[in-house]
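Heads up, the thing below is written out as structure tokens.
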Ligand SMILES: Cc1cc2nc3c(=O)[nH]c(=O)nc-3n(C[C@H](O)[C@H](O)[C@H](O)COP(=O)(O)O)c2cc1C
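Residue numbers (our numbering): 1307 to 1656.
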């Protein structure tokens, strides 16, 4: 089904064999979750967004956002900011780490505290500045990392300027564009405009990877076929369901996707928490007021909601999720939910 539609993708010198990307999502796509997705067949991942100002001013603290769990590849580091010089300095430092395969510029984050400073989606209001940032960042990491841009089709319904912004980014040296088919004003709700993604793909020579509104695994192939995009990036659908990427591979190979067993869900939650604890344990006591174990449990909370909401006993766990508990107690509660069984077979798929 999909093999004919999805081909290996070239981002500058980087070859992505399977162009199905996990989207960057602050608060979710840390090394623990990304590595689980890669193990289930995700083709490439991107870090949560890191502040360029933060990296330049307070390297240690901000660089935590860029931490990897083991060898994750292919992986992009995502930067946000609106000062070209600071972005270039932060990018240069990231390239020096030797840990990443590409560097992505966030030009789509619609959160007020980001966009109101002109960062993230704010860059779409100033295409010349966006292009200048791409140019300076690409120059700073030239020969070391290809630079990509993650952006949206426009700021709001009346200002869809993606043709202009992507033309500028391409001319400035971007090696690929991740294009979210929504405008910034709707944030993450409503339909994603795949027709606009198709239009951009038709005129750009660099690869265009479509994003937005991919829910079922089969949507990957539908988006690729309908837009002609060179790859597909997915955000929310695999949360609490890293097996989503296995399903995409199964569909491509003509196999029937299968729901994860309860044992698989249990083992994955345990492993996810273990990786979060390992990531937290790298931080010093000064950095973590609550200690590694409790902090990892807090980080797991939004994931647990998604792993477990299809189970009958989920309501009981949800009521206690605000409590600060250690890993052993949390896992006991998880086991109780899992033992309650699924509400319906369909709930195996989030
Ligand atoms: C909770 C959350 C956090 C996000 N954080 C980022 C981020 O750090 N960087 C970014 O470029 N996009 C971020 N996004 C946007 C996603 O990468 C993606 O573009 C969006 O969710 C649309 O894809 P989807 O419909 O497959 O979820 C975030 C989205 C969500 C829901």
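Ideal Cβ positions, reconstructed from N, Cα and C, are used throughout, including at glycine.
Exercise. Taking only runs that begin and end inside the segment 1329-1388, name each unbroken alpha helix (DSSP H) of 4 or more residues, in chain order.
Key: 1337-1345, 1358-1363 and 1365-1369
Exercise. Consult DSSP for residue 1466 and reduce its assignment to one of helix, strand or coil.
Key: Here residue 1466 refers to the residue found at position 160 of the chain shown. Residue 1466: coil per DSSP, three-state reduction.
Using a Cβ-Cβ cutoff of less than 7 Å, which residues in the same chain neighbour residue 1523 once the five nearest sequence positions on both sides are dropped? Locating residue 1523 in the chain shown gives position 217, counting from the first residue. So the qualifying residues of the chain are 1550, 1553, 1554, 1557 and 1563.
May I ask whether a heavy atom of ligand 3 can be found less than 7 Å away from the beta carbon of residue 1355? In the structure on display, ligand 3 does not appear, and the ligands it does have are ligand 1.
Roughly how many angstroms separate the alpha carbons of residue 1500 and residue 1590, rounded to a whole number? The residue you call residue 1500 lines up with position 194 of the chain shown. The residue you call residue 1590 lines up with position 284 of the chain shown. In a straight line, the C-alpha of residue 1500 is about 45 Å away from that of residue 1590.
Grab the span of the beta strand (DSSP E) containing residue 1408 for me, first residue to last. As a first step, residue 1408 must be located in the chain shown, where it is residue number 102. From DSSP, the beta strand (DSSP E) with residue 1408 extends over 1408-1413.
Helix or strand or just coil, what does DSSP make of residue 1323? Here residue 1323 is taken as the residue at index 17 of the chain shown, counted from 1. Of the three classes helix, strand and coil, the one that applies to residue 1323 here is coil, per DSSP.
Host beta strand (DSSP E) of residue 1571 (start-end) | Your numbering for residue 1571 matches position 265 in the chain shown. Counting along the chain, residue 1571 falls outside any beta strand (DSSP E), though it belongs to the alpha helix (DSSP H) covering 1568-1587.
Review point. With distances taken between CB atoms, is the gap from residue 1325 to residue 1342 smaller than 8 Å?
Key: Residue 1325 sits at position 19 when you count from the first residue of the chain shown. Residue 1342 sits at position 36 when you count from the first residue of the chain shown. It is not a contact, given that the beta carbons lie outside the stated cut-off.
| said: Give me the residue from 1575, 1360 and 1382 with the minimum Cα distance to residue 1406. | reply: Indexing the chain shown from 1 puts residue 1406 at position 100. Looking at the Cα atoms, 1382 is the closest of the given residues.
Is the segment 1492-1511 close to the segment 1533-1552, with three or more CB pairs under 8 Å? yes
Strand pairing of residue 1458, partner residues [DSSP]: Within the chain shown, residue 1458 is the residue found at index 152, counting from 1. Answer is 1486, bridged to residue 1458.
Margin query: Under 8 Å: do the segment 1352-1367 and the segment 1388-1400 share three or more Cβ pairs, one atom per stretch?
Written below: yes
(Q) Any contact between the segment 1567-1582 and the segment 1629-1645? By contact I mean 3 or more CB pairs, one from each, below 8 Å. (A) yes
Compare the C-alpha of residue 1515 against each of 1484, 1494 and 1595 and name the closest. Position 209 of the chain shown, counting from 1, holds the residue named residue 1515. Ranking the options by Cα distance to residue 1515, first place goes to 1484.
**Q.** Proximity winner among 1333, 1322, 1329 and 1340, relative to residue 1581 (alpha-carbon distances)
**A.** As a first step, residue 1581 must be located in the chain shown, where it is residue number 275. When each option's Cα is compared against that of residue 1581, the closest is 1340.
Worksheet item: Going by the CB atoms, is the gap between residue 1530 and residue 1416 shorter than 8 Å?
Response: Position 110 of the chain shown, counted from the start, is the residue given in the question as residue 1416. Position 224 of the chain shown, counted from the start, is the residue given in the question as residue 1530. No; because the gap between Cβ atoms is not below 8 Å, this pair is not in contact.
Reference residue 1547; option with closest CA among 1597, 1595 and 1610 | The residue labelled residue 1547 in the question sits at position 241 within the chain shown. Of the candidates 1597, 1595 and 1610, the one whose C-alpha sits nearest the C-alpha of residue 1547 is 1610.
Would residue 1512 and residue 1482 qualify as a contact pair, given that the criterion is a beta-carbon distance under 8 Å?
Numbered from its first residue, the chain shown carries residue 1512 at position 206. Numbered from its first residue, the chain shown carries residue 1482 at position 176. Cβ atoms of residue 1512 and residue 1482: closer than 8 Å.
Note down, in chain order, each residue of its chain lying with its Cβ closer than 6 Å to the Cβ of residue 1518, except the 5 sequence neighbours on either side. The residue you call residue 1518 lines up with position 212 of the chain shown. 1486, 1487, 1488 and 1498, listed in sequence order.
**Item:** Closest residue to residue 1606 among 1629, 1616, 1408 and 1618 (Cα-Cα distance)
**Value:** Position 300 of the chain shown, counted from the start, is the residue given in the question as residue 1606. Measuring from the Cα of residue 1606, the nearest candidate turns out to be 1629.
* residue 1544 versus residue 1330: straight-line alpha-carbon distance, rounded -> Here residue 1544 refers to the residue found at position 238 of the chain shown. Here residue 1330 refers to the residue found at position 24 of the chain shown. For residue 1544 and residue 1330, the distance between alpha carbons rounds to 12 Å.
- prompt: What is the residue span of the alpha helix (DSSP H) that residue 1636 lies within?
  reply: Locating residue 1636 in the chain shown gives position 330, counting from the first residue. Segment 1633-1645, the alpha helix (DSSP H) holding residue 1636.
Are the segment 1442-1453 and the segment 1397-1414 in contact at 8 Å, needing three or more beta carbon pairs? yes
Taking 6 Å as the limit between beta carbons, can you name the residues of its chain near residue 1336, skipping five residues before and five after?
Residue 1336 sits at position 30 when you count from the first residue of the chain shown. Same-chain partners within the cutoff: there are none.
| said: Considering only their Cβ atoms, is the gap separating residue 1457 from residue 1424 smaller than 8 Å? | reply: The residue you call residue 1424 lines up with position 118 of the chain shown. The residue you call residue 1457 lines up with position 151 of the chain shown. Contact flag unset, no.
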